[in-house]
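Report on the structure given below.
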Amino acid sequence: RTLEGDWMHKTHNAVFHAVSAFCNAGFSVNPQGFDALRLQSNFSLQFILCGLVILGGIGFPLLLYFYKILKFGLKSLCCRAIGRKRPHEVLLLAVGERLALHTTLVLLVLGAFLYYAFEAGSPLPDAFNLSEGMAAFVASVNARTSGFSMTDPGGWSYPTVFLTIFLMWVGASPGSTGGGIKTTTLAVAVKTMASFLRGKDRLEIGNREIGAPTIIRAFSVIGLSLAFIFAGFLLLMIFDPARNPAHLLFECVAAFSTTGLSIAGTITLSPHSQVVLMILMFVGRIGPVIVLSGFLATQTQNLYRLPVEDIKIN
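Just so we're aligned: 1508 in our numbering is position 102 of the sequence shown, and the numbers increase by one with no gaps anywhere.
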């Protein structure tokens, strides 16, 4: 009922939006986007789109793991139905996939709660509103990094704007169709800091110790992403000084994470600002570490190690 036109037009729209959601592209053939009132009240469509966005952004390694679980479950049911012995198979989830799954769930739940609290006008609303709750969940899903929006971002409060900036910056999981610094990068950084505060000199997750190169890469991705975003933010403030700085920062993070959300109206920015945003999209999609490594990395490897010395920090 939401899609207009004959069956061919409806089929085209359905396939287009399904692919756009799974690929975290955020494109819509609807002239009004997804902030039309008739789409806001269509909960079934929102659930389907959110499910596709989550599946596309959770990473193909996790999708393959879920496929193996489903295959094993169906095989067990068939064996039970025909009276044969059930197959024995151990399906272990790697540390990286566990981190991606746990971080995704935390960001989805926490993001939805904060969206609802910020936009309801009170940290503890008197009564839960289904429509507002669904809008909060949809916003939490699509901020990382599909770009679909059921509401006008221009009407968001500042806490909601900065929450969206954070979620866009984190983005999806490795090996997925989404952008951002990735959920595992944030998880490794947070767990490293927590481990350091507990007095440990190594990072252990589950029954594994995380290697130093992984930790260094995680903090490098975080630092370089913030550096590129900050540089783009400064350039946008120079090229469009009359614009709201918070909105310009939103544009930079949305471009770097390839989310596609906009508050300032990207098309209304100056040509110089649009070029800056295009560069941020390119760097964010490829990855700041890979981009700079292409210019700075050397092929030679040192065959020696220097003496270790600690430096006082803070």
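Glycine residues also receive a C-beta, built at the ideal position from the N, C-alpha and C atoms.
The alpha helix (DSSP H) with residue i in it runs from where to where?
i	result
residue 1673	Here residue 1673 belongs to no alpha helix (DSSP H), and DSSP marks it neither H nor E.
residue 1707	Looking at the DSSP string, residue 1707 is not in any alpha helix (DSSP H), and its letter there is neither H nor E.
residue 1432	From DSSP, residue 1432 is part of no alpha helix (DSSP H); its letter is neither H nor E.
residue 1450	1449 to 1463
residue 1467	1466 to 1488
Thinking just about the alpha-carbon of each residue, which of the options is nearest to the one in residue i?
i	options	result
residue 1499	1467, 1693 and 1425	1467
residue 1597	1465, 1663 and 1502	1502
residue 1472	1504, 1638, 1690 and 1419	1504
residue 1650	1670, 1632 and 1664	1670
residue 1430	1548, 1684 and 1537	1548
residue 1655	1626, 1625, 1686 and 1470	1686
residue 1691	1571, 1470, 1639 and 1582	1582
residue 1683	1668, 1711 and 1703	1668
residue 1433	1520, 1553, 1637 and 1560	1553
residue 1481	1524, 1493 and 1550	1493
residue 1450	1633, 1540 and 1637	1540
residue 1665	1436, 1607, 1416 and 1463	1463
residue 1543	1694, 1523 and 1561	1523
residue 1626	1486, 1607 and 1693	1693
residue 1516	1634, 1563 and 1572	1572
Would you give the residue range spanned by the beta strand (DSSP E) that residue i belongs to?
i	result
residue 1610	1609 to 1611
Where does residue i fall in DSSP's three states?
i	result
residue 1587	coil
residue 1615	strand
residue 1556	coil
residue 1579	coil
residue 1650	coil
residue 1502	helix
residue 1703	coil
residue 1546	helix
residue 1679	helix
residue 1714	coil
residue 1436	coil
residue 1492	coil
residue 1532	Reliability fails at residue 1532, whose pLDDT of 47 lies under 50, so the model's placement of it is uncertain and no value is given.
residue 1664	coil
residue 1623	helix
residue 1510	helix
residue 1413	helix
residue 1606	coil
residue 1629	helix
residue 1563	coil
residue 1570	helix
residue 1443	Any reading at residue 1443 must be qualified, since the residue scores a pLDDT of 47, below 50, and its modelled position is unreliable; the value itself is stated next. Three-state result, residue 1443: helix.
residue 1350	Because the chain in this structure spans residues 1407 to 1720, residue 1350 falls outside the shown range and cannot be described.
residue 1497	coil
residue 1720	coil
residue 1551	coil
Assuming residue i contacts residue j (C-beta within less than 8 Å), just tell me the rounded distance between them.
i	j	result
residue 1609	residue 1628	At roughly 15 Å, the Cβ-Cβ gap does not stay under 8 Å, so residue 1609 and residue 1628 are not in contact.
residue 1624	residue 1595	5 Å
residue 1556	residue 1663	With 8 Å as the limit, residue 1556 and residue 1663 do not qualify as a contact, their Cβ atoms being about 19 Å apart.
residue 1652	residue 1567	6 Å
residue 1520	residue 1569	5 Å
residue 1679	residue 1632	The pair is not a contact, with the Cβ atoms about 19 Å apart (cut-off 8 Å).
residue 1461	residue 1469	7 Å
residue 1518	residue 1537	In fact, because the Cβ distance is near 14 Å, the residues do not count as touching under 8 Å.
residue 1658	residue 1688	Their Cβ separation, rounded to whole angstroms, is 13 Å, which puts residue 1658 and residue 1688 out of contact at 8 Å.
Between residue i and chain C, is there a C-beta pair that is closer than 7 Å?
i	result
residue 1608	The displayed structure is made up of one protein chain only, and chain C is not part of it.
Three or more C-beta pairs closer than 8 Å, one from the region 1574 to 1591 and one from the region 1508 to 1522: is that the case here?
At 8 Å Cβ cutoff, the stretches touch.
Pair every Cβ in the region 1445 to 1465 with every Cβ in the region 1422 to 1429, then say whether three or more of these pairs are closer than 8 Å.
Judged by pairs of C-beta atoms under 8 Å, the region 1445 to 1465 touches the region 1422 to 1429, as three or more such pairs exist.
Cβ pair count under 8 Å reaching 3, the region 1583 to 1593 against the region 1473 to 1491
Because the criterion of three Cβ pairs below 8 Å is not met, the region 1583 to 1593 and the region 1473 to 1491 do not touch.
Three or more C-beta pairs closer than 8 Å, one from the region 1665 to 1680 and one from the region 1639 to 1653: is that the case here?
yes
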